[in-house]
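Below is one structure, written out as structure tokens; the observations come after it.
Number of protein chains: 2
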Amino acid sequence: MGGTSIKIGVVNEKNEIIARTVLETRLDIAPEELIANMGKVTRKLLENSNIPLDQCVGVGIGSPGTIDDKEGVVIYSNNYAWENVPLRAELKKYLPLPIYINNDANCAMLGEAAAGAAAGRKNVVFLTLGTGVGGGFLIDGKLFNGGLLGGTEFGHTVVQVGGVRCTCGREGCLESYASATGLIRMAREQMDKHPDSLLWKLCDGDKSKVNAELAFKASDEKDEAGMLAVQEYMKYLAAGVANAINMFRPEVVVLGGGISNRGEKLAAELNGMVKGECFGHTFVKPAEVVIASLKNDAGIIGAAELC
Amino acid sequence: MGGTSIKIGVVNEKNEIIARTVLETRLDIAPEELIANMGKVTRKLLENSNIPLDQCVGVGIGSPGTIDDKEGVVIYSNNYAWENVPLRAELKKYLPLPIYINNDANCAMLGEAAAGAAAGRKNVVFLTLGTGVGGGFLIDGKLFNGGLLGGTEFGHTVVQVGGVRCTCGREGCLESYASATGLIRMAREQMDKHPDSLLWKLCDGDKSKVNAELAFKASDEKDEAGMLAVQEYMKYLAAGVANAINMFRPEVVVLGGGISNRGEKLAAELNGMVKGECFGHTFVKPAEVVIASLKNDAGIIGAAELC
Chain G
3 MGGTSIKIGV VNEKNEIIAR TVLETRLDIA PEELIANMGK VTRKLLENSN
53 IPLDQCVGVG IGSPGTIDDK EGVVIYSNNY AWENVPLRAE LKKYLPLPIY
103 INNDANCAML GEAAAGAAAG RKNVVFLTLG TGVGGGFLID GKLFNGGLLG
153 GTEFGHTVVQ VGGVRCTCGR EGCLESYASA TGLIRMAREQ MDKHPDSLLW
203 KLCDGDKSKV NAELAFKASD EKDEAGMLAV QEYMKYLAAG VANAINMFRP
253 EVVVLGGGIS NRGEKLAAEL NGMVKGECFG HTFVKPAEVV IASLKNDAGI
303 IGAAELC
Chain B
3 MGGTSIKIGV VNEKNEIIAR TVLETRLDIA PEELIANMGK VTRKLLENSN
53 IPLDQCVGVG IGSPGTIDDK EGVVIYSNNY AWENVPLRAE LKKYLPLPIY
103 INNDANCAML GEAAAGAAAG RKNVVFLTLG TGVGGGFLID GKLFNGGLLG
153 GTEFGHTVVQ VGGVRCTCGR EGCLESYASA TGLIRMAREQ MDKHPDSLLW
203 KLCDGDKSKV NAELAFKASD EKDEAGMLAV QEYMKYLAAG VANAINMFRP
253 EVVVLGGGIS NRGEKLAAEL NGMVKGECFG HTFVKPAEVV IASLKNDAGI
303 IGAAELC
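Quick look at the structure:
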């Protein structure tokens with residue numbers, strides 16, 4: 003379930019997506035109506051693919067926000083402006099199958115661990131670096147979701163006490179620094195300090211046009227504003243990655259989201275930066291940072307993994 | 003296993019310490035010798051208490067440093083200057099019982115969860131605030147130790163990127179701010195800025211004498227230097243506690259170590275500060291901060307819990 007569209011797939015036992023569709027949606031319709039649409043479009047997809055319902059073992063859903071995975075309820079989703087929506091109970095009216103719901107970042111992690119960049123690994127940290135920062139954690143082959151309700155909110159751990167105000171209300175959350183949004187803010191700050199920088203040219207003199215890709219491009223071309231912004235960004239991202247390693251001791255840290263489009267350059271630089279930051283690194287092997295490989299399919303395959 | 007002494011206890015099934023002794027030790031003796039002493043003193047304690055070895059279900063040990071709990075090896079302990087010491091295999095020569103080893107902070111957490119401030123809780127975060135900052139985590143009633151070797155090092159997650167250099171090599175670790183050592187540094191900084199402050203009087207004009215207790219005392223008496231130091235300290239401690247809650251979603255956060263001697267005042271203030279910092283706090287109940295109740299016995303009872 004994404005911001006403006008819901009991606010629906012039929013996944014077989016080999017973790018292959020054998021049929022797929024997209025439900026474009028407005029966010030201002032009632033939850034019941036949206037869920038009904040999800041159910042109907044999924045039934046149609048199965049019919050069109052000649053897959054009878056009784057051949058399906060279940061329905062897995064990756065939802066943004068705070069999920070009660072035991073009860074199948076979306077407790078709160080900022081995106082959809084949902085509060086205590088009984089997603090499982092509602093969807094069951096249209097899809098009478100076992101229904102499993104979890105956080106979207108957790109699903110993307112499960113997908114990468116099942117069939118992507120972390121295939122075969124049992125201890126995985128997944129970080130989505132997009133508008134925000136999401137985290138998913140696999141420990142001993144099992145999804146780690148913390149204790150009580152609420153889920154792991156790694157993006158909302160503070161890495162800069164007294165720092166930038168986050169949308170969650172805290173100051174200095176990792177999300178405010180290691181997201182694409184964070185990089186864009188850093189780039190704009192450097193543009194203000196460097197009025198002759200290449201970054202201004204790359205975005206046609208319009209600061210609102212700067213994005214992560216342009217910031218990386220300027221940095222690669224040795225533009226001072228671009229380099230300073232990217233250096234600052236990498237410092238925070240490396241701190242966040244090392245924090246996750248020191249807490250969770252994974253074999254591998256998988257990076258997804260828009261920022262991960264930078265690819266191997268990003269992974270190589272982070273591996274260099276993070277190594278010395280891992281506690282006991284002279285005695286225990288630090289985790290390797292890799293780039294997610296399934297892109298948008300990770301969430302679909304991972305949601306199916308919930309079943 | 004503490005800095006200069008090893009506390010040894012016989013724990014019954016009701017989590018009561020029915021016999022105890024202390025092995026004072028030098029740190030410069032060979033590991034084999036120290037472990038032999040541990041074994042002999044424990045045998046003697048059992049004999050003196052008329053407890054035959056075959057009535058013991060096992061030996062639990064809380065060791066500082068990085069532990070391989072599966073193999074029973076102390077991979078690295080800074081305190082003891084141990085590297086790859088086969089603690090279980092060596093001790094077994096003297097105590098032919100199942101032997102379980104884990105990190106000391108984990109053992110203290112297990113003790114508080116078994117018989118202390120978190121008795122009966124299944125989701126617990128324990129933080130020791132002493133010379134350093136240690137963390138122990140109980141999730142769904144089970145000790146959470148992360149994925150691969152190395153253990154959870156919550157004290158070595160960065161809360162201030164580019165901040166104070168930690169003994170681990172990173173800059174800005176929680177340990178550098180939320181430990182007693184951190185509070186003492188903050189108090190000294192304020193003493194330099196406030197040469198007429200009460201703190202100077204409380205430590206007889208000798209800055210090296212300032213400690214956490216004096217800093218809290220000065221703050222309580224409205225001394226500006228004391229208040230500013232404690233305010234700064236509490237800001238970092240609250241950030242660390244909220245970070246742990248947002249990652250682990252415990253029912254309760256238990257505070258131990260020297261700083262926790264401040265007692266209910268500390269817990270009450272933190273509960274006020276942390277509440278709004280917990281992600282989704284309007285929808286999910288934030289954890290309660292409480293003070294550890296077992297003091298030094300937590301480690302002994304918790305080590306027995308390993309068995």
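First to last, the sequence lines map onto chains G and B.
Numbering follows my numbering, with no gaps: position 193 of the first sequence is 195.
Numbering follows my numbering, with no gaps: position 66 of the second sequence is 68.
Just so it is clear, CB atoms sit at the ideal spot from N, CA and C, and this is done for glycine as well.
- Counting along the chain, residue 290(G) sits inside the beta strand (DSSP E) bounded by residues 290 to 293.
- The three-state reading of DSSP puts residue 122(G) in coil, since its state is none of H, G, I, E or B.
- In the structure shown, residue 105(G) adopts extended strand secondary structure according to DSSP, grouped into three states.
- Counting only the Cα atoms, residue 193(G) lies some 7 Å from residue 201(G).
- If you check the CB distance, residue 257(G) and residue 129(G) come in under 7 Å.
- Straight through space, the alpha carbons of residue 23(B) and residue 243(G) are spaced by roughly 43 Å.
- By the neighbour-count criterion, in which a residue is buried when 16 or more other Cβ atoms sit within 10 angstroms of its Cβ, residue 142(B) is exposed.
- Taking all protein chains in view, the Cβ of residue 64(G) is crowded by 16 or more other Cβ atoms within 10 Å, so the residue is classified as buried.
- For residue 238(B), the closest Cβ of chain G is nearer than 7 Å.
- If you check the CB distance, residue 138(G) and residue 107(G) come in under 7 Å.
- Residue pairing from DSSP places residue 70(B) in a beta bridge opposite 75(B).
- For a Cβ distance threshold of 9 Å, residue set 148, 149, 150 of chain G lies close to residue 252(B), ordered along the chain.
- For residue 309(B), same chain residues with a beta-carbon under 8 Å away, outside a window of 5 residues either side, are 59, 60, 61, 62, 100, 102 in chain order.
- Comparing alpha carbon positions, the residue from 179(G), 39(G), 261(G) closest to residue 93(G) is 39(G).
- Across the structure, residue 285(B) and residue 75(G) are spaced so that their CA atoms are roughly 12 Å apart.
- Contact of residue 158(B) with chain G by beta-carbon distance below 8 Å involves 248, 281.
- Here the C-alpha atom of residue 14(B) lies approximately 9 Å from the C-alpha atom of residue 21(B).
- Beyond the five residues adjoining it in sequence on each side, residue 305(G) comes within less than 7 Å, by CB distance, of 62, 63, 64, 109 in the same chain, given in chain order.
- Under the Cβ criterion of 7 Å, residue 168(B) is not counted among the residues facing chain G.
- Membership of residue 244(G) in the alpha helix (DSSP H) is indicated by the continuous run 226 to 250.
- For residue 286(B), the chain G residues whose Cβ falls inside 8 Å of its Cβ are 68, 77, 150, 151, 152, in order along the chain.
- At least one beta carbon of chain G lies nearer than 7 Å to the beta carbon of residue 163(B).
- Using a C-beta cut-off of 8 Å, the region 119 to 135 of chain G makes no contact with the region 81 to 93 of chain G, since fewer than three inter-stretch Cβ pairs fall below that distance.
- Under the 10 Å beta carbon count, residue 80(B) is surrounded by fewer than 16 other beta carbons and is classified as exposed.
- In the three-state DSSP reduction, residue 141(B) falls in the strand class (E or B).
- For residue 307(B), there is no enclosing beta strand (DSSP E); the residue is part of the alpha helix (DSSP H) that begins and ends at 299 to 307.
- Comparing alpha carbon positions, the residue from 28(G), 150(G), 53(G) closest to residue 290(B) is 150(G).
- For residue 81(G), no chain B residue has a C-beta closer than 9 Å to its own C-beta; the minimum C-beta separation is roughly 14 Å.
- Its chain contains 157, 177, 181 as the residues whose beta carbon lies nearer than 6 Å to that of residue 134(G), once the 5 sequence neighbours on both sides are disregarded; these appear in chain order.
- Identification of chain B residues near residue 125(G) by a Cβ-Cβ cut-off of 9 Å yields 148, 149, 150, ordered along the chain.
- Assigned with DSSP and collapsed to three states, residue 25(B) falls in strand.
- Taking 7 Å as the cut-off, the beta carbon of residue 275(G) is found no closer than this to the beta carbon of residue 241(G).
- One alpha carbon belongs to residue 119(G), the other to residue 294(G), and they sit about 5 Å apart.
- With respect to the 7 Å criterion, residue 245(G) and residue 160(B) are classified as neighbours on the basis of their beta carbons.
- Nearest neighbour of residue 47(B) by Cα position, chosen from 12(B), 35(B), 77(B), turns out to be 12(B).
- Residue environment for residue 265(G): exposed (fewer than 16 other C-beta atoms within 10 angstroms of its C-beta).
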